[in-house]
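Here the structure is laid out as structure tokens; the discussion comes afterwards.
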Amino acid sequence: MGAGIAAHCANAGCKVLLLDIAKEGDDRSAIARTAVEQMAKSNPEMLMHKRNAKLISSGNIEDDLDKLSEADWVIEVIIENLDIKQKLYASMSEHLGPRTIVSSNTSTLPRSELVEGMSSEMASRFLITHFFNPPRYLPLLEVVTSSEVNDSVTDRLCAFADERLGKRVIMCNDTPGFVGNRLGVYFIQRAFKATIDHGFTVEQADAMLGRPIGIPKTAVFGLMDLVGIDLSVHVIESLISHLPDDDPFHDIVGTGEDIIQAMIAEGYTGRKGKGGFYRLNKEGGKRVKEARNLTTGEYAPANRKAAFSSSRMGKQGLGPLIDYPDEGAAFVSDILLDTLSYAAHLVPDVTGDIYSIDTAMKAGFNWKSGPFQMMDSIGSASMVERLEESGRSVPG
């Protein structure tokens, strides 16, 4: 992720210093240097042009922290471990320039925890800037600030992200998962639970939860493979540990946990591993896409015609789709009613306006419509009626 952010800044014409851990040997900056060299070979491409790599220099966090004094913005993009992050901040603090802005790309840790033990001077210039991967292609940037951060610092950073990096900046409160992951992970977990409860295959679930409702064709299980199943577990665990006990997120997690743990143990962590819910079988000289049976753990050729008849109703709107009399529509209705209700539940605790939530899901997850736009499509009165008829609470 650090390399992706560095490449995106270089694409904007900025000089970038990419630091990584020091490696033993003659070239102590080999890890960062290799990351820059690999940018030209990345898929999807990180660089708009290979020459942009010349704007990126390499270093390591043991020998080159003194160079931070020349930086306008330092972005920390290391492992999601609070202790390791805080130790790095302590090492950085004496090397920062008087106007250097510092931010963390954390997706799970609250700012209030990150700044514990940090000098007030550094904390006054410390924010969270959560990029979505890949940074070049997903425009969302979630920003978390604080009353101890001067408004001019926040304004300067947000203006740069907007005007130079082309980011859709949304301001988030310092709450677990911010906006995108809080709602996006809820949707994925609710869909996983519904898939098991309804006895659906992963192909059936993805066929109904992708394009028919305005979500990329990776839908749910394909997206988990793309993100990394092991990473998804880490994000879920962080949310569980930080969210209040009465948060509806707790009601949907746990289902299928044995399936996930078995997959990780077998090396099926997603596209970066042997595969995940889907895999490519290359035996016999052919590339055959296979899907995992959630009950047996076995793989078989993926069913490319898994969608129910109701999937065709998506072109007419969400209302006609979820009203269609088949199992696919009932499945979608279960997931959407809970997800849209949860989205409404997030205002104003997570962010102050519904526009930011819609922007997060469109700019960070490539949804065609945000949750509140989906509710408009269904109709507010109809939405309330559906919630009440299904025994669900109506958000206040």
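For the sequence shown, the working numbering assigns the number 1 to the initial residue and increments by one for each residue that follows.
Backbone N, C-alpha and C fix where the C-beta goes; we use that ideal spot for every residue, glycine too.
Pairs of beta-carbons, one from the segment 147 to 162 and one from the segment 206 to 219, closer than 8 Å: are there three or more?
Result no; under three Cβ-Cβ pairs closer than 8 Å.
Tell me where the alpha helix (DSSP H) around Leu113 begins and ends.
As a first step, residue 113 is located in the sequence shown; it is residue number 113 there, counting from the start. A small fix is needed here, since residue 113 is Glu in this sequence, not Leu. Arg111 to Leu114 is the extent of the alpha helix (DSSP H) around Glu113.
Strand pairing of Gly59, partner residues [DSSP]
Position 59 of the sequence shown, counted from the first residue, corresponds to residue 59. Leu19.
Cα-Cα separation between Ala344 and Glu388, rounded to whole angstroms:
By 1-based counting over the sequence shown, the position of residue 344 is 344. By 1-based counting over the sequence shown, the position of residue 388 is 388. A direct Cα-Cα distance of roughly 15 Å separates Ala344 from Glu388.
Does chain C have any CB closer than 7 Å to the CB of His8?
Annotation note: the requested chain C is absent from the structure, which comprises a single protein chain.
What are the boundary residues of the beta strand (DSSP E) that Ser397 is part of?
Since the first and last residues shown for the chain are 1 and 396, residue 397 lies out of range.
Check each candidate in Tyr137, Gly275 and Glu385 and name the one with the smallest Cα separation from Ser341.
Taking the sequence shown and counting its residues from 1, the one referred to as residue 341 is at position 341. For the set Tyr137, Gly275 and Glu385, the Cα lying nearest the Cα of Ser341 is the one of Glu385.
Our contact map puts Ser369 next to Ser377 with C-beta atoms below 8 Å; I'd like the distance itself, whole angstroms only.
As a working note, residue 369 is residue 369 in the sequence shown. As a working note, residue 377 is residue 377 in the sequence shown. Contact between Ser369 and Ser377 holds, since their C-beta atoms are separated by about 7 Å, short of 8 Å.
For Arg292, the first and last residue of its enclosing alpha helix (DSSP H)
Taking the first residue of the sequence shown as 1, we reach residue 292 at position 292. Premise fails: Arg292 lies in the beta strand (DSSP E), Val288 to Arg292, not in any alpha helix (DSSP H).
Expressed to the nearest angstrom, what Euclidean distance is found between the alpha-carbon atoms of Val144 and Pro348?
The sequence position of residue 144 within the sequence shown is 144, counting from 1. The sequence position of residue 348 within the sequence shown is 348, counting from 1. One alpha carbon belongs to Val144, the other to Pro348, and they sit about 15 Å apart.
For Met122 and Ile128, I'd like the C-alpha separation in whole angstroms.
The residue labelled residue 122 in the question sits at position 122 within the sequence shown. The residue labelled residue 128 in the question sits at position 128 within the sequence shown. Cα to Cα, the separation comes out at about 13 Å.
Span of the beta strand (DSSP E), counted from its first residue to its last, around Leu127
Translated into the one-based positions of the sequence shown, residue 127 becomes position 127. According to the DSSP assignment, Leu127 belongs to the beta strand (DSSP E) that extends over Phe126 to Phe131.
Cβ-based burial, Ala265 [other Cβ within 10 Å; buried from 16]:
Locating residue 265 in the sequence shown gives position 265, where the first residue counts as 1. Exposed, since its Cβ has fewer than 16 Cβ neighbours within 10 Å.
Taking the alpha carbon of Leu55 as the point to measure from, which residue in Ser91, Ala12 and Lys85 has its own alpha carbon closest?
Mapped onto the sequence shown, residue 55 falls at position 55. Comparing Cα-Cα distances from Leu55 to each of Ser91, Ala12 and Lys85, the minimum goes to Ala12.
Quick check on this structure: which residue in Arg271, Lys289 and Met208 has the alpha carbon closest to the alpha carbon of Ser315?
Along the sequence shown, read from residue 1 onward, the residue named residue 315 stands at position 315. First, the residue type needs correcting, since residue 315 is Lys and not Ser in the sequence shown. Per the Cα distances, Met208.
Give every residue of the same chain whose Cβ lies closer than 6 Å to the Cβ of Pro110, excluding the five residues on either side of it in the sequence, and list them in chain order.
What you label residue 110 is simply residue 110 of the sequence shown in a count that begins at 1. These residues qualify, in order along the chain: Asp174.
On a CA-only basis, which of Arg28, Val36, Ser91 and Asn43 is nearest Gly117? Give me that one, please.
Residue mapping note: residue 117 aligns to position 117 of the sequence shown, counting from 1. Measuring from the Cα of Gly117, the nearest candidate turns out to be Ser91.
Residue from Met263, Ser311, Arg168 and Leu337 whose Cα sits closest to the Cα of Ala329
By one-based count along the sequence shown, residue 329 stands at place 329. Closest option to Ala329, Cα to Cα, is Ser311.
Mind checking who Leu140 pairs with in its DSSP beta bridge?
Taking the first residue of the sequence shown as position 1, residue 140 is located at position 140. The partner list for Leu140 (beta bridge, DSSP) reads Arg168.
Out of Gly2, Arg292 and Ile260, which has the shortest C-alpha to C-alpha gap to Tyr278?
Locating residue 278 in the sequence shown gives position 278, where the first residue counts as 1. When only C-alpha atoms are compared, the closest one is Arg292.
Tell me the DSSP bridge mates of Gly280?
The residue given as residue 280 occupies position 280 in the sequence shown. Correcting the residue identity first, residue 280 is Leu in this sequence and not Gly. Bridge partners of Leu280: Lys289.
Go through its chain and collect everything with a Cβ distance to Thr195's Cβ below 6 Å, but skip five positions before and after it.
Within the sequence shown, residue 195 is the residue found at index 195, counting from 1. Correct list, in chain order: Ala205.
Given this structure, state the Cα-to-Cα distance separating Ala375 from Pro244, to the nearest angstrom.
The sequence position of residue 375 within the sequence shown is 375, counting from 1. The sequence position of residue 244 within the sequence shown is 244, counting from 1. Correcting the residue identity first, residue 375 is Met in this sequence and not Ala. As the crow flies, the alpha-carbon of Met375 is around 26 Å from that of Pro244.
Over the uninterrupted beta strand (DSSP E) stretch that includes Val74, give me the two end residues.
Numbered from its first residue, the sequence shown carries residue 74 at position 74. Start and end: Trp73 to Glu76.
Helix, strand or coil, according to DSSP, for Gly270 in the structure here?
The sequence position of residue 270 within the sequence shown is 270, counting from 1. The answer is strand: DSSP assigns Gly270 an E or B state.
Given that a residue counts as buried once 16 or more other Cβ atoms are within 10 Å of its Cβ, and exposed if not, what is Glu257?
Your numbering for residue 257 matches position 257 in the sequence shown. By the neighbour-count rule (16 or more Cβ atoms within 10 Å), Glu257 is not buried but exposed.
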